[in-house]
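Participant: When you number the sequence shown by my numbering, it's gap-free, plus one each residue, and the end is 525. Heads up, the beta-carbon is just placed ideally off N, CA and C, and yes, glycines get one too. Note that the structure is predicted; figures quoted are calculated from it, not measured.
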Amino acid sequence: MRLRSRTGRRDTPRDQRVGAGANSVSAPVVIDPASPPPQWASSNEAWRTPAEAARVPTNGSRLRTKLALLGADFAILNIAFLVAYWLRYDLRLWPETAEFFDAPLSSYFTAQTVFVGLSLVMVLRLGLYRLKRTTQWLDEVGMIANAVTIAISVLVIIFFLLRPGVTSRAMLAYVWVGSIGLLSAFRLVLRWIISRRRRAGIGVSRILVIGAGHLGKMVMQQIAGRPGLGYDLAGFCDDVACAQGTNFGRFECLGPVRDLPGVIATHRIDEVVIALPSAEHATILSIVGLCERMGVEFRLVPETYDLTLGSLEVDHIAGIPLIGRRETTIRGINLVIKRVIDILVSSVALLVSAPVIALLAIAVKIDSTGPVFIPQVRVGMRGRTFRCFKVRSMHQDADRRLADLMKDNEAGGVIFKMRDDPRRTRVGRVLRKLSLDELPQFWSILTGEMSLVGPRPPFPHEVAQYEDWHKRRLSVTPGLTGLWQVSGRSDLPFDEMVMLDLYYIENWSLSLDVKIILRTIPTVISGRGAY
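#1: What's the gap between the Cα of Ile268 and the Cα of Leu284?
#2: Between which two residues does the beta strand (DSSP E) holding Gly205 run?
#3: Between which two residues does the alpha helix (DSSP H) containing Arg287 stretch?
#4: Per the DSSP calculation, Leu294 is bridged to which residue(s)?
#5: May I ask you to verify whether the stretch 483 to 502 touches the stretch 445 to 463, counting CB pairs closer than 8 Å and requiring at least 3?
#6: Which value, in whole angstroms, describes the spacing of the CA atoms of Ala145 and Arg56?
#7: Can you tell me whether Pro365 is helix, strand or coil according to DSSP?
#8: Within 8 Å, do at least three Cβ pairs link the stretch 378 to 391 to the stretch 349 to 369?
#9: Which residues does DSSP list as the beta-bridge partners of Ile201?
#10: Whose C-beta lies closer than 7 Å to the C-beta of Val108 among residues of the same chain, with five residues either side of it excluded?
#11: Note down the Cα distance separating Val203 from Gly229, rounded to an integer number of angstroms.
#12: Kindly indicate which residue of Ser272, Ile324, Leu254 and Thr277 has the alpha-carbon position closest to the one of Val290.
#13: Taking just the CA atoms, how far does Ile263 sit from Phe245?
#14: Take Ala164 as the anchor and find which of Ser362, Leu486 and Trp80 has the nearest alpha-carbon.
#15: Please state the DSSP three-state secondary structure of Phe383.
#16: Which residues bound the alpha helix (DSSP H) around Gly172?
#17: On the three-state DSSP scale, how would you describe Arg426?
#18: Let's see if you can read the secondary structure: which residues bound the alpha helix (DSSP H) around Val148?
#19: Looking only at C-alpha atoms, which of Leu61, Gly172 and Lys60 sits nearest to Ile70?
#20: What's the C-alpha gap between Leu512 and Thr475?
#21: Going by DSSP, name the residue or residues bridged to Ser445.
#22: Using three-state DSSP, classify Gly111 as helix, strand or coil.
#23: DSSP three-state label for Gly249, please.
#24: Select from Ala105, Asn140 and Leu64 the residue whose C-alpha is nearest the C-alpha of Arg124.
#25: Would you check if the stretch 418 to 433 and the stretch 507 to 521 touch, i.e. whether three or more CB-CB distances between them fall below 8 Å?
#26: For the pair the stretch 407 to 414 and the stretch 452 to 461, tell me if three or more CB-CB distances fall below 8 Å.
#27: Going by the CB atoms, is the gap between Gly243 and Ala206 shorter than 9 Å?
#28: Just to confirm before moving on: does the CB-CB distance between Arg200 and Glu265 stay below 9 Å?
#29: How is Arg372 classed by DSSP in three states: helix, strand or coil?
#30: Taking Ser505 as part of the alpha helix (DSSP H), name the residues at either end of that continuous run.
#31: Around the C-beta of His208, are 16 or more other C-beta atoms found within 10 angstroms, so that it is buried, or is it exposed?
#32: What does the Cβ neighbour count give for Ala235, buried or exposed, with the cut at 16 atoms within 10 Å?
#33: When the distance is taken between beta carbons, is Ile327 closer than 9 Å to Gly288?
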């Protein structure tokens, strides 16, 4: 069992504490497993079907995976050495310098054995075979480079001390570069394969969150924003939310905390994340004990007041950890770069889309009466309102008919979405499906009121209904596309849309913007979730 924690402030008012909404429990919740079946005592795989059990990693499968990776790395390192020899002595990329030019491959056998062995030892010591799900590929590349560099350095020292008959600096340089390149490329391909398998439900861990306060919501936000990690959030347990019948987006309250044994068994839970206030330590210890008895892994995330999980940074003074809020990365030079990209792309997009907009204008005028463009008041960064334009996709009486259609709202929350909206015109259905009605918003991007990527700008009446945690999505410039738009669009509940927006804000990078833009293209073409 692994126990993880984050230290946070403990002066939180009782009505703001996380877990169970404002889950004020005067007495610890007693979890009575009600004499669970014997198989619960050691492993939760006993209640799985054979097909489900096959999809969950076991200790044996993990060992086989590590041995397979070790064998693959062994082969790759030897291939890198052979390629280096081929480049040095067959292609002769390096100028001829000495009598060792035609050295046979067998003369490098000892050096090859030492290098491969040292590299594998360093790879093992650096933990490349026990990486966390959250480890980034570039971090993995850094570990590979570190391991190979140490192995090459030791080999150079051996050459210097023993002075073997064959020494080629070019050969060692090729081995160094080739090993890092091939191992890194292999890890990248492996990540792609693992991602595909996880999307198919293989190697996925089912997660249950305990608590639905601020911290519980933040945990669910982070999990929902990173599907590639291989976590399947089954839902959450919370006393107050269960009593009130409250769900959090598409994540359902599966029951009160006292029913945890049955929830774990019924929903095939692999891992429990405890997001309760520290004052409920007795309940937390009870949950930990239950997880140990049932063979379920657990994580403990102590309260952090109103700090979001992704916005914390740790500093040290004489070994004392100090936790503070990290500034959003969309500032300073990053903000300048993002703005320059917005100007360049929107300028080109307006020129390229001008003929398309002209054709759309003709189609709209032929199809129905009314203006081609409609102005809309939206809320931007820090709550400032601005006016943007869209190509009209609805009949002129759309606003008047909205009140009558609210009972058919399919989105939930503060926004209105309806697949077969009767207010939409014939041309409007095509415009909405392909998002062509939003082409004029490139002008708002050019003027700086919007950005290419960011949370979608809401209407003022939607913001008026926001909960406090929803308002954080207004801390950055709104965008034409965003993370939630490439993750399901209108098919997602509102709370999950906000969770994805907050994940974007807390984890912004230029590479993330590029990924979202590239994913937007097939999403728009397919029309998935557009209504």
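Facilitator: So, from the data block:
#1: Indexing the sequence shown from 1 puts residue 268 at position 274. Indexing the sequence shown from 1 puts residue 284 at position 290. Going from the Cα of Ile268 to the Cα of Leu284 covers about 12 Å.
#2: Along the sequence shown, one-based indexing puts residue 205 at 211. Gly205 -> no beta strand (DSSP E), and no H or E assigned at all.
#3: Against the sequence shown, residue 287 aligns to sequence position 293. Its alpha helix (DSSP H) spans residues His275 to Met288.
#4: What you label residue 294 is simply residue 300 of the sequence shown in a count that begins at 1. Leu294 is bridged to Ile268.
#5: Yes, the stretch 483 to 502 is in contact with the stretch 445 to 463.
#6: Working through the sequence shown from its first residue, we reach residue 145 at position 151. Working through the sequence shown from its first residue, we reach residue 56 at position 62. Straight-line Cα distance between these residues: approximately 26 Å.
#7: Taking the sequence shown and counting its residues from 1, the one referred to as residue 365 is at position 371. It is coil, neither helix nor strand.
#8: Flag = yes, the stretch 349 to 369 and the stretch 378 to 391 touch.
#9: Stepping through the sequence shown from its first residue, residue 201 is reached at position 207. Its beta-bridge partners are Leu227 and Glu265.
#10: For the purposes of this step, residue 108 is taken as residue 114 along the sequence shown, with counting starting at 1. Around Val108: Leu149 and Ile152.
#11: Working through the sequence shown from its first residue, we reach residue 203 at position 209. Working through the sequence shown from its first residue, we reach residue 229 at position 235. Going by the C-alpha atoms only, they are around 7 Å apart.
#12: What you label residue 290 is simply residue 296 of the sequence shown in a count that begins at 1. For Val290, the closest C-alpha among the options Ser272, Ile324, Leu254 and Thr277 is that of Leu254.
#13: Mapped onto the sequence shown, residue 245 falls at position 251. Mapped onto the sequence shown, residue 263 falls at position 269. Straight-line Cα distance between these residues: approximately 14 Å.
#14: One-based indexing of the sequence shown puts residue 164 at position 170. When Ser362, Leu486 and Trp80 are compared, the shortest CA-CA separation from Ala164 is found for Trp80.
#15: Residue mapping note: residue 383 aligns to position 389 of the sequence shown, counting from 1. Looking at Phe383 - three-state DSSP - the assignment turns out to be strand.
#16: Taking the sequence shown and counting its residues from 1, the one referred to as residue 172 is at position 178. For Gly172, the enclosing alpha helix (DSSP H) has its first and last residue at Arg163 to Arg193.
#17: The residue you call residue 426 lines up with position 432 of the sequence shown. Three-state result, Arg426: helix.
#18: Your numbering for residue 148 matches position 154 in the sequence shown. Annotation for Val148: the continuous alpha helix (DSSP H) segment containing it runs Trp131 to Leu156.
#19: Counting from one through the sequence shown, the residue named residue 70 turns up at place 76. With distances taken between CA atoms, Ile70 lies nearest to Gly172 out of Leu61, Gly172 and Lys60.
#20: Position 518 of the sequence shown, counted from the start, is the residue given in the question as residue 512. Position 481 of the sequence shown, counted from the start, is the residue given in the question as residue 475. Taken atom to atom, the span from the alpha-carbon of Leu512 to that of Thr475 is near 11 Å.
#21: Locating residue 445 in the sequence shown gives position 451, counting from the first residue. Its beta-bridge partners are Gly473.
#22: Taking the sequence shown and counting its residues from 1, one reaches residue 111 at position 117. In the structure shown, the three-state DSSP call for Gly111 is helix.
#23: Position 255 of the sequence shown, counting from 1, holds the residue named residue 249. In the structure shown, Gly249 sits in a strand (DSSP, three-state: E or B).
#24: Position 130 of the sequence shown holds residue 124. Per the Cα distances, Leu64.
#25: Counting Cβ pairs under 8 Å, three or more are found: they touch.
#26: Taking 8 Å as the limit for Cβ pairs, the verdict is that the stretch 452 to 461 does touch the stretch 407 to 414.
#27: Along the sequence shown, read from residue 1 onward, the residue named residue 206 stands at position 212. Along the sequence shown, read from residue 1 onward, the residue named residue 243 stands at position 249. Cβ atoms of Ala206 and Gly243: not closer than 9 Å.
#28: By 1-based counting over the sequence shown, the position of residue 200 is 206. By 1-based counting over the sequence shown, the position of residue 265 is 271. Remark: C-beta atoms of Arg200 and Glu265 approach each other more closely than 9 Å.
#29: Numbered from 1 along the sequence shown, position 378 holds the residue referred to as residue 372. Strand, per DSSP.
#30: The residue labelled residue 505 in the question sits at position 511 within the sequence shown. In the DSSP assignment, Ser505 falls within the alpha helix (DSSP H) that extends over Leu504 to Ser520.
#31: Walking along the sequence shown from the start, residue 208 turns up at place 214. Buried: at least 16 other Cβ atoms inside 10 Å.
#32: Counting from 1 along the sequence shown, the entry for residue 235 is found at position 241. So Ala235 counts as buried.
#33: Start at 1 with the first residue of the sequence shown, and residue 288 comes out as number 294. Start at 1 with the first residue of the sequence shown, and residue 327 comes out as number 333. Position check: residue 288 holds Met in this sequence, whereas Gly was assumed. No, the Cβ-Cβ distance between Met288 and Ile327 is not below 9 Å.
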